[in-house]
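Residue numbers for the sequence shown follow the working numbering, so the first one is 442 and each next one is one higher.
Built from N, CA and C at the ideal position, the CB exists for glycine as well.
Only a predicted model underlies this, so the values are computations on that prediction, with no experimental measurement involved.
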Amino acid sequence: MRRFLVAVLVVVLLACGAWFEQAEAADGSLSGHPLSHCRDDRERLCSASGRASGNAQFNCMLRQQAKIKNAVCRSWYGGLSACRKSAASLCPSRVNKVRDVWNCLLGAKRSKISPQCKASYFYAKEVATKDLRPYA
C-alpha cells in the first residue's frame with residue numbers, strides 16, 4: 442500500500458510540474474513561477490510587512506504557511522520550509538535568506554538533503570535546475 446501511495450504522489454508531482462511549466466513572459470518576468478500564485482495570500486497575510494524586503498516577506502509567509510489558501514503557493518512554501526530545515530543542519534551559519542538555502546543545498550551532497558526537501562517543488566524546480574532568477 443505504501444509503494445502505491447508513493448507512486449501516486451510521484452505521478453501527481455510530475456503532473457503538477459508539467460502544469461507549472463509556463464513560458465517566461467516577454468518582459469522577462471517569471472509569470473509561471475509559483476510565487477506569482479502567492480500575491481493574494483501575501484497581501485492578505487503579510488500586508489503589515491508593507492514594502493519590506495523580500496526576505497521579510499518570505500519569513501512572514503513561512504510563519505503564515507498554514508493559512509495560505511492557494512495550493513500552488515502553499516506547496517512552494519512547504520517545500521521551502523522543508524529545504525530550509527535541511528539546509529540549517531547542513532550549513533547552520535548561512536540559511537537566513539532563500540538565496541542562502543538555495544546555495545547551501547546546491548553545494549551539499551544530495552544524499553545529505555532530507556527526503557522531504559528533495560521531494561518538494563522548491564527543490565525539484567529551483568535547486569536541481571539551478572534556477573535562481575526569482576532571487577537575483
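List the whole-angstrom C-beta distance separating residue i from residue j, where the pair is believed to meet the contact cut-off of C-beta under 8 Å.
i: G519; j: S552; result: Rounded, the Cβ-Cβ distance is 22 Å, inconsistent with contact.
i: W543; j: V568; result: 6 Å
i: R515; j: Q505; result: The Cβ separation is near 10 Å, so there is no contact.
Would you mind reading off the limits of the alpha helix (DSSP H) that contains residue i?
i: A523; result: 512-531
i: N496; result: 495-504
i: L486; result: 480-487
Taking 6 Å as the limit between beta carbons, can you name the residues of its chain near residue i, skipping five residues before and five after?
i: A529; result: V536
For residue i, which residues in the same chain have their Cβ closer than 7 Å to its Cβ, ignoring the five residues on either side in sequence?
i: L547; result: V568, K571
Within the same chain, show all residues whose beta-carbon is closer than 8 Å to that of residue i, passing over the 5 residues directly before and after it, in chain order.
i: N511; result: H478, C479, D481, D482
Quick check on DSSP: helix, strand or coil for residue i?
i: V536; result: coil
i: K571; result: coil
i: S561; result: coil
i: K550; result: coil
| query | Within the chosen definition, does the region 555-569 reach the region 520-527 through at least 3 CB pairs nearer than 8 Å? | reply | yes
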